[in-house]
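Position one of the sequence shown corresponds to residue -11 (this note's numbering), numbered consecutively onward.
Ideal placement from N, C-alpha and C gives every residue a C-beta, glycine not left out.
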Amino acid sequence: MKEHWNKVYSSRDTTRLGWYEESPEKSLELIDKCNTNEHDKILDVGSGASTLIDNLISRGYKNIIATDISIEALEKLKQRLGDDAQLVKWIVDDLAHPKHLNDLKDITIWHDRAVLHFLTEESERQTYLLTLQKIVKNKGYVIIASFSLDGASKCSGLDVRRYDENMLQEFLGNGFKLLEHCSYLYHMPSGDKRPYIYALFQRI
Ligand SMILES: C[S@@+](CC[C@H](N)C(=O)[O-])C[C@H]1O[C@@H](n2cnc3c(N)ncnc32)[C@H](O)[C@@H]1O
C-alpha cells in the first residue's frame, strides 16, 4: 500500500487527484460544529496533501497532526505550506499496522476523509478502531467521510468498502454517539461525481 500511494502522489499533481478539494467545505462545516478551542488536538488521518490542513492553520488551531502512509503525500503538503509546515506535527504511519499513532493521546477531533473505506479486511478495520479508541479523548469527536452505499466500488484503482451512517455507527460501537450525518456529492477534477457519506460522532 505504501508503494501504491507514494507512486500516486509522486506521479500526479495533487490538484488533479480524484479526491482533491480546493475547499474541504463539508469537513470544515462539521469541525466548526465541534466544541473546540485552538489548543485542542486535531488529527487528520490519511491526510494526503489535503487542503484541510491549510484551513485548520488559518482557523488558528495550534495542535494539528497530519498522518499518512505516504511520505510523498506529506512532503507535497509540507511544500505547499512552506513556513507554516512547522505548525503541524507530521507522522508517517499505516493505520492498518500502526507503529507511532498509538503514542498519541487526548485527540479532540479524529478526521478521516476517504481513508477508512480502503480498509477492506476486518483485521485492518479492527486495528484502525483500536487506535481510534485508544487516542480519542472522552467527549472527543470522530468525523468520517467515506464513499456511500450508492458510491463507486473503487478509488485510486483499489477496492473500497462503502458505508452508510448505520454501518459507521455499528463500526464505532455504542461508545460513540452519532450527532449528525449527511450525503455529499463530490465533484472530481475530471468532472465525475462521487457520492460520499459524512458522519460526526462524539465519544460518550
Ligand atoms: C483518497 S485519499 C484522501 C486524502 C485526504 N484525506 C483528502 O481528503 O484529500 C486517501 C489517503 O489515505 C492514505 N492511506 C491509504 N491507506 C492508508 C493507511 N493504511 N494508513 C494511512 N494512510 C492511508 C493515502 O496515502 C491517501 O493519502
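Looking at ligand 1, does it come within less than 7 Å of residue i, judged from the CB to the closest heavy atom?
i	result
Asp82	yes
Trp78	no
Arg101	yes
Phe159	no
Met(-11)	yes
Phe106	yes
I'd like to know whether the C-beta atoms of residue i and residue j end up nearer to each other than 8 Å.
i	j	result
Ala84	Lys64	no
Ile95	Lys29	yes
Phe53	Leu31	The question names Phe, but residue 53 is Ile in the sequence shown. Going by C-beta atoms, Ile53 is nearer than 8 Å to Leu31.
Thr55	Glu9	no
Lys122	Asn90	yes
Ile131	Glu153	no
Leu62	Val80	yes
Phe159	Leu118	no
Asp82	Met(-11)	yes
Residue i to residue j, Cα distance in whole Å?
i	j	result
Gly48	Ile19	13 Å
Thr115	Asp1	31 Å
Leu137	Cys170	13 Å
Tyr(-3)	Gln67	13 Å
Ser277	Gln74	What the structure shows of the chain is the stretch from -11 to 192, and residue 277 is not part of that stretch, so it cannot be assessed.
Leu5	Asn23	32 Å
Lys87	Leu173	34 Å
Assign residue i to buried or exposed, taking buried as 16 or more other Cβ atoms, counted over all protein chains shown, within 10 Å of its Cβ.
i	result
Ser15	buried
His(-8)	exposed
His99	buried
Ile192	exposed
Asp147	exposed
His27	exposed
Ser58	buried
Got a sec: is the Cβ-Cβ distance from residue i to anything in chain C below 8 Å?
i	result
Arg0	Note that chain C does not occur in the displayed structure, where there is just one protein chain.
Contained alpha helix (DSSP H) runs [length at least 4] in the segment 54 to 130, N- to C-terminal order: 59 to 69 and 110 to 123
Inside the segment 128 to 169 only - alpha helix (DSSP H) runs reaching at least 4 residues: 153 to 160
Inside the segment 3 to 31 only - alpha helix (DSSP H) runs reaching at least 4 residues: 13 to 21
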